[in-house]
Ligand code: ADP
Ligand code: ZN
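So this is what it looks like as C-alpha cells:
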C-alpha cells in the first residue's frame, strides 16, 4: 500500500486513479496524495462539466422549496435549459435578509427528514438558521475530512478542536470531519484556557483547530503555566472563522512551532470546509464539486475576473435539505484559476479581506479591520491584542486604536514609548490614509473573546 493512502476506509486504489494522479505527482513517493483522488484530480474541464450537471440537479431540487418556487417562477430559466455555468447569472441572488425573513421556506424536504440545525454566530445581527438532512451532515463531514487530509492530517492524529460546540458550525463541523478522517478527536470546545493547555500536554495533541486571535491569547496562558508549546508534538493548526493577516499566521506558526492553514466556511454553506489551503499555501481551494463560486462587484453585481477583489457568491451543488442559489456571502476576496502545483484544479480564493458589513467609513475613507491588524502584527513590540474605538466629537469622527505592548517594551522609559506611539501612528496612517489616535496599553488588558474577536467598538451613535 502506498504511504498516505493507508487508513482511509473504502478507498480502492485502482490503477485507473493512479494513472490520473501519477503525471501530476511526478515523483509519486514524495508528493501529496488525495483523500478523494477521483474528485481532487479532476481536470478543470471535467470539474466544470460536473458542476453543470450538479447545478441543473440543484435547480431542480430547489424548486421543491416555497422560496425558490416563487423566486424562480419569475425567471424564464428552467433547470433543463441550462447549457453553461455562466447562465447561472440569469438567476437572482439570495441574501442573508432572505434567509432571515423566509428561513423555513428554503427547505426542499419534509421536516422529519431533517436531523440537525445550526445558526450563524450572529456577528452582524440576528442569526440565520440552516438545516441539514442526514446526507447533508455526511457530505459536510466528508468535505472537512478532505480538507484536513489535504494538509497532512492522517488517521491516528490527535485532534483538539477548540471551537464552540453549539449552534456555531465551527465546532461540530470539524468534529465530524476529524472523526471521519480517523483522528482521535478531543471535543475541547471554546475557552477554558488552562484546561486546553492541560489537554494538549496530557493527550499529546498533534492537530489544533483554533480561532487565530484566541491562539495568540492562549500563548499568555502557556507562559503562565510554564509550558512551551514548541516542545509539544502539535504540528498542524487550522485557523479560520475570522479575518486574519499573514503576519498573524506567522506569529502563530513561530510561537507554536507548527504549520497553520487557513480554513474558510460559513454556516449558510454548511459551515467550515468550503475553501481550504493546500500545502502550497497559495490561496484556499474552493471545493468546487460542492460549491459553485462567483465573485461579483458588491455595488454593480457584475461578475469579476480573476485577481480582482469582490464579494464571494456561492451556489450549493450537492446540498439536499436547503440548497442556496447565488448566496451573497458579504465576504470580500479575489480568485485565481491558474493550476496549483498540488494537482488540484479547484480555483483558489485569496485570504478574506473583510466583510462588506465590517467596513468602517471614517472621514469618507473605507477601512477594513484587517488593514489595522496587518500593520500592528508586523511590529515586534506589539503584544497579542488590539481594539479600535470609533467616537464622535463635534461632528468629527475619531478613531482610537488601543494597542497592547509586550511587557519587555512597556518597561522602557517614557521617551521610548512616546516614540513607539509615534511610529505606530505613522505606520497606520500610511496604510489607512487617516491619522488615528494611538493608545498604548499593558499586555493582556484588552477584552478577549472565546469566539470571534471583537475588533471594532463603534460609539459614534452614543455622541
Ligand atoms: P456569522 O456571519 O454570524 O459570523 P458564521 O459563524 O457562519 O456566521 O461565520 C462565517 C463567516 O466567518 C464568514 O462569512 C466569514 O466572514 C468569516 N470567516 C470564516 N472563515 C474565515 C477565514 N478563514 N478568514 C476570514 N473570515 C472567515
Ligand atoms: Zn493546491
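In this note's numbering, the protein residues as written are 186 to 648.
Beta carbons: idealized from backbone N, C-alpha and C, even for Gly.
Quantities reported herein were computed from a predicted structural model and do not represent experimental measurements.
With a cutoff of 8 Å, residue 368 does not count as near the ligand ZN, since its C-beta is closer than that to no heavy atom of the ligand. The closest heavy atom of the ligand ADP lies 8 Å or more from the beta carbon of residue 269. A Cβ closer than 6 Å to some heavy atom of the ligand ZN marks a residue here, and those residues are 463, 465, 470, 525, 527 and 529. Comparing alpha-carbon positions, the option among 575, 613, 543 and 574 lying closest to residue 564 turns out to be 613. In this structure, residue 386 keeps its C-beta atom at 9 Å or more from the C-beta atom of residue 406. Closest in C-alpha terms to residue 537, from the list 443, 261, 424 and 588, comes 424. Ranked by how close their Cα comes to the Cα of residue 402, the residues 390, 433, 416 and 389 have 433 in first place.
C-alpha of residue 286 to C-alpha of residue 252: approximately 10 Å in a straight line.
It is roughly 11 Å from the alpha-carbon of residue 579 to the alpha-carbon of residue 645. For the beta strand (DSSP E) assignment, the uninterrupted runs of no fewer than 3 residues enclosed by the segment 380-408 are, from N- to C-terminal side, 392-395.
When C-beta atoms of the segment 236-252 are compared with those of the segment 495-502, three or more pairs fall below 8 Å, so the two segments count as touching. If you check the C-beta of residue 360 against the ligand ADP, you find no heavy atom less than 8 Å away.
CA-to-CA, the gap between residue 415 and residue 440 works out to about 7 Å.
Residue 362 is positioned such that its CB atom lies no closer than 9 Å to that of residue 392. At a Cβ-Cβ threshold of 9 Å, residue 358 and residue 506 do not count as neighbours.
The beta carbon of residue 354 sits closer than 8 Å to at least one heavy atom of the ligand ADP.
Partner residues in the beta bridge of residue 587, as assigned by DSSP, are 572 and 624. Three or more Cβ pairs drawn from the segment 366-377 and the segment 344-358 lie within less than 8 Å of each other, which places the two stretches in contact.
Judged by DSSP secondary structure, residue 564 falls outside any beta strand (DSSP E); it is assigned neither H nor E. Ranked by Cα distance from residue 481, the options 472, 511 and 606 are led by 511. Counting C-beta atoms within 10 angstroms of its own C-beta, residue 509 has 16 or more neighbours from the protein chains shown and is therefore classed as buried. Annotation for residue 427: 396, 397, 398, 637 and 638 place their beta carbon closer than 8 Å to its own, counting only its chain and skipping 5 residues before and after. For the segment 400-486, the full-length alpha helix (DSSP H) segments reaching 4 residues or more read 431-441 along the chain. Per DSSP, the continuous alpha helix (DSSP H) segment holding residue 329 begins and ends at 319-335. The Cβ neighbour count for residue 513, taken over all protein chains shown within 10 Å, is at least 16; the residue is labelled buried. Not one heavy atom of the ligand ADP lies closer than 8 Å to the C-beta of residue 512.
Rounded to whole angstroms, the Cβ separation of residue 264 and residue 244 is 4 Å, and the two are in contact under 8 Å. Bounds of the beta strand (DSSP E) holding residue 512 are 512-518.
No Cβ-Cβ contact shorter than 9 Å links residue 354 with residue 300. In this structure the segment 525-534 does not lie against the segment 549-558, because fewer than three pairs of beta carbons, one per stretch, are closer than 8 Å. About 5 Å separates the beta carbon of residue 437 from that of residue 400, a gap short enough to meet the 8 Å contact definition. For residue 485 against residue 515, the beta-carbon gap comes to about 16 Å, at or over 8 Å, which does not count as contact. Between the alpha carbons of residue 647 and residue 586 lies a gap of roughly 18 Å.
Between the ligand ADP and residue 357, a heavy atom-to-CB distance of less than 8 Å is absent. The segment 235-281 contains, as complete alpha helix (DSSP H) runs of 4+ residues, the segments 251-258 (chain order). Beta-bridge pairing by DSSP links residue 595 to no other residue.
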